[in-house]
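Below is one structure, written out as structure tokens; the observations come after it.
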Amino acid sequence: MLKEAFTTSTGSFTLNEFKKIFNDLYNLRVVTFTFKEAFISAFFTLIVGLPGAYIISHYKFKGKSFLVSLTTVPFILPSLLVALGFIILFGDNGFLNKFLMDVFHFKQPFH
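The numbering used here applies: residue 89 is where the sequence shown begins, and numbers increase by one.
Put into structure tokens, the structure is as follows:
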């Protein structure tokens with residue numbers, strides 16, 4: 089698929105497929121919006137993050153350990169959500185067990 093994006097039917101190199109995509113006004117607006125949002129997000133992250141990192145690393149203050157702990161949330165949260173999803177789906181009162189108990193008239197959850 090990637091090769092087909094850069095080659096013609098005869099096998100020669102071309103950028104015509106990309107030209108077709110970016111000649112469409114809607115696609116151009118979507119790409120422009122995406123880059124604009126990425127730039128704005130990165131800018132504000134730097135504005136808040138760099139001074140915050142400097143303050144946390146150079147000063148002692150009340151609540152510092154809480155702020156440092158808070159920075160791990162984006163790394164831990166996806167794993168927690170996956171685990172919660174498995175519990176909701178496959179747990180004793182999960183959707184799958186309730187479905188199996190209703191369909192097959194089980195008296196206890198399936199383990």
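Cβ coordinates follow ideal geometry from the N, Cα and C atoms, glycine included.
Bridge partners - residue i, DSSP secondary structure assignment
{"i": "T95", "result": "F101"}
Pairwise C-alpha distance: residue j and residue i
{"i": "H199", "j": "L184", "result": "11 Å"}
{"i": "V119", "j": "L113", "result": "10 Å"}
{"i": "K107", "j": "E125", "result": "23 Å"}
{"i": "I175", "j": "K186", "result": "13 Å"}
{"i": "L103", "j": "T95", "result": "8 Å"}
Residue i in three-state terms, based on DSSP
{"i": "G182", "result": "coil"}
{"i": "F198", "result": "coil"}
{"i": "Y114", "result": "helix"}
{"i": "F149", "result": "coil"}
{"i": "M89", "result": "coil"}
{"i": "T160", "result": "coil"}
CB of residue i within 7 Å of CB of residue j, strictly
{"i": "F110", "j": "L116", "result": "yes"}
{"i": "P166", "j": "D180", "result": "no"}
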